[in-house]
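See below for the structure under consideration.
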Amino acid sequence: MGIGKNMSETKGRVLGELREETNTNNNNNNKSRRNRRHRQRKMSPGQKLFQTCNEVFASTGPGIVPSPQNIEMLLSVLGGIKQEDVGLKPEMPFFSSNNPRRTPKITYLHIYECKEFSMGIFCLPPCGVIPLHNHPGMTVFSKLLFGTMHIKSYDWVVDLPPHMPTIVKPSSETLTPDMRLAKVKVDADFNAPCDPSILYPADGGNMHWFTAVTACAVLDVLGPPYSDPDGRHCTYYQNFPFSNYSVDGLSIPEEERTAYEWLQEKEKPENLKVVVNMYSGPKIVEN
Numbered sequence: 001m002g003i004g005k006n007m008s009e010t011k012g013r014v015l016g017e018l019r020e021e022t023n024t025n026n027n028n029n030n031k032s033r034r035n036r037r038h039r040q041r042k043m044s045p046g047q048k049l050f051q052t053c054n055e056v057f058a059s060t061g062p063g064i065v066p067s068p069q070n071i072e073m074l075l076s077v078l079g080g081i082k083q084e085d086v087g088l089k090p091e092m093p094f095f096s097s098n099n100p101r102r103t104p105k106i107t108y109l110h111i112y113e114c115k116e117f118s119m120g121i122f123c124l125p126p127c128g129v130i131p132l133h134n135h136p137g138m139t140v141f142s143k144l145l146f147g148t149m150h151i152k153s154y155d156w157v158v159d160l161p162p163h164m165p166t167i168v169k170p171s172s173e174t175l176t177p178d179m180r181l182a183k184v185k186v187d188a189d190f191n192a193p194c195d196p197s198i199l200y201p202a203d204g205g206n207m208h209w210f211t212a213v214t215a216c217a218v219l220d221v222l223g224p225p226y227s228d229p230d231g232r233h234c235t236y237y238q239n240f241p242f243s244n245y246s247v248d249g250l251s252i253p254e255e256e257r258t259a260y261e262w263l264q265e266k267e268k269p270e271n272l273k274v275v276v277n278m279y280s281g282p283k284i285v286e287n
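Written out as structure tokens, the structure reads:
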């Protein structure tokens with residue numbers, strides 16, 4: 001009986017300590033969550049975007065897409081950012097062109113870059129163009145902050161018939177072997193304010209070009225960023241209508257042909273002028 005009593009007392013004391021420890025941990029966790037929410041409320045929108053990118057891209061890499069939950073979280077934060085949150089106004093000199101006869105120069109405001117992701121803003125005057133280019137192994141989030149922009153984007157056609165290689169062998173001498181078939185994903189004007197967009201390493205319009213209908217600004221988040229040493233080069237393309245060429249064994253109904261184009265790699269356009277400036281909006285602090 002004495003032994004049983006001692007065991008009972010010991011068991012009761014241990015259970016009490018466990019309950020006390022559990023309550024303490026729960027209180028600490030609740031306090032931590034409240035503190036985190038309080039800090040987020042106090043953060044500037046740009047700082048909140050930076051913190052979210054740190055979290056979202058921490059476990060990703062080339063060709064690895066963030067989880068659906070993280071994608072939704074980042075889209076939500078990005079969607080809430082306005083031009084004034086990053087210190088931009090349409091009357092700034094970035095958005096005007098001094099010589100209408102020349103191709104307008106584009107300004108890139110560098111916000112942040114590390115191995116996992118980069119943040120920056122493209123500022124385009126009216127008629128400014130970012131030519132057709134790719135995003136190898138990247139997940140890209142974009143938010144049109146103001147203005148009207150025409151976006152045309154493509155994905156590679158990878159579901160060709162089994163006897164047709166992805167890089168086609170042409171039946172016409174004018175269609176070179178390095179031309180690849182792509183399907184138009186988007187071809188439309190976008191007006192701010194609008195929802196942010198996302199493209200993925202292999203779909204969603206991985207290759208795109210921007211044309212400024214009016215002066216506009218685009219906030220871009222790339223995960224991971226371009227890196228020549230790591231083989232993530234920015235490749236430019238020339239597009240050709242599908243109907244310009246014919247390929248043995250490849251047939252697409254006539255009414256669908258406008259949705260397909262041939263893309264061919266090209267050198268960086270000589271008239272593309274991008275000036276890199278440091279971001280001077282509300283300060284973003286690295287932890």
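In terms of full-length UniProt numbering, the sequence shown is residues 1 to 287. Even glycine gets a Cβ: it sits at the ideal position worked out from N, Cα and C.
Output the distance between the C-alpha atoms of residue i and residue j, rounded to the nearest integer angstrom.
| i | j | result |
| --- | --- | --- |
| leucine 181 | valine 157 | 6 Å |
| serine 251 | asparagine 277 | 48 Å |
| threonine 258 | phenylalanine 240 | 11 Å |
| glycine 46 | glutamate 261 | 38 Å |
| phenylalanine 66 | phenylalanine 50 | The identity of residue 66 in the sequence shown is proline, whereas the question assumes phenylalanine. Using only the alpha carbons, I get a separation of about 16 Å. |
| asparagine 99 | aspartate 159 | 46 Å |
| glutamate 254 | tyrosine 200 | 29 Å |
| valine 275 | methionine 92 | 15 Å |
| serine 280 | aspartate 155 | 35 Å |
| tryptophan 209 | glycine 249 | 30 Å |
| glutamate 72 | valine 56 | 10 Å |
| serine 243 | glutamate 256 | 11 Å |
| proline 269 | arginine 102 | 14 Å |
| aspartate 178 | lysine 283 | 45 Å |
| serine 246 | glycine 87 | 50 Å |
| isoleucine 130 | isoleucine 81 | 22 Å |
| asparagine 70 | methionine 138 | 15 Å |
| proline 62 | glycine 223 | 8 Å |
| serine 227 | lysine 115 | 9 Å |
| valine 285 | isoleucine 64 | 27 Å |
| valine 184 | histidine 110 | 30 Å |
| glutamine 83 | asparagine 287 | 24 Å |
| serine 76 | tyrosine 108 | 23 Å |
| threonine 60 | glycine 231 | 17 Å |
| alanine 202 | proline 68 | 16 Å |
| lysine 273 | alanine 58 | 33 Å |
Please state the DSSP three-state secondary structure of residue i.
| i | result |
| --- | --- |
| threonine 214 | coil |
| leucine 78 | helix |
| cysteine 123 | strand |
| glycine 61 | strand |
| leucine 49 | helix |
| isoleucine 71 | helix |
| aspartate 85 | helix |
| valine 186 | strand |
| asparagine 191 | strand |
| glutamate 286 | coil |
| glutamate 116 | coil |
Contact defined as beta carbons within less than 8 Å: I believe residue i pairs with residue j. What is the distance between those atoms, to the nearest angstrom?
| i | j | result |
| --- | --- | --- |
| proline 196 | glycine 79 | 5 Å |
| alanine 217 | isoleucine 121 | 6 Å |
| tyrosine 237 | leucine 124 | Contact flag wrong, Cβ pair sits at about 19 Å. |
| histidine 233 | proline 136 | 7 Å |
| leucine 219 | leucine 145 | 6 Å |
| methionine 43 | asparagine 134 | Not confirmed; about 33 Å, so no contact. |
| phenylalanine 95 | alanine 215 | 4 Å |
For residue i, collect the residues of the same chain with a Cβ closer than 6 Å to its Cβ; drop the 5 residues on either side in sequence, then sort them by chain order.
| i | result |
| --- | --- |
| serine 97 | Pro104, Pro125 |
| asparagine 271 | Thr103 |
| asparagine 128 | The residue asked about is misnamed: residue 128 is glycine in this sequence, not asparagine. Within the same chain, glycine 128 has close Cβ partners Pro104, Ile106, Ala212. |
Which same chain residues end up closer than 8 Å to residue i when comparing Cβ atoms and leaving out the 5 residues on each side of it in sequence?
| i | result |
| --- | --- |
| valine 221 | Leu49, Cys53, Leu74, Leu78, Phe117, Ser118, Met119, Val140, Phe141, Ser142 |
| valine 213 | Pro126, Gly147, Thr148, Met149, His150, Asp189 |
| proline 85 | Before going further, note that residue 85 is aspartate rather than proline in the sequence given. Hits under 8 Å: Ser44, Pro45, Gly46, Gly281, Pro282. |
Which same chain residues end up closer than 7 Å to residue i when comparing Cβ atoms and leaving out the 5 residues on each side of it in sequence?
| i | result |
| --- | --- |
| valine 186 | Ile151, Lys152, Ser153, Gly205 |
| residue 322 | For the chain, the structure presents residues 1 to 287; residue 322 sits outside this window and is missing. |
| lysine 266 | Tyr236, Tyr237, Gln238 |
Shorter than 9 Å from the beta carbon of residue i to some beta carbon of chain B?
| i | result |
| --- | --- |
| cysteine 234 | Within the model displayed, chain B is absent; a lone protein chain is all it includes. |
Notebook entry, point to check: What beta strand (DSSP E) runs, 3 residues minimum, are completely inside the stretch 128–165?
Noted result: Counting only runs of 3 or more, we get 129–133, 139–146, 148–156.
Note to self: Please give me, in chain order, every unbroken run of the beta strand (DSSP E) with length at least 3 that falls completely inside the stretch 211–280.
What the structure shows: Correct list: 216–223, 236–241, 260–266, 274–278.
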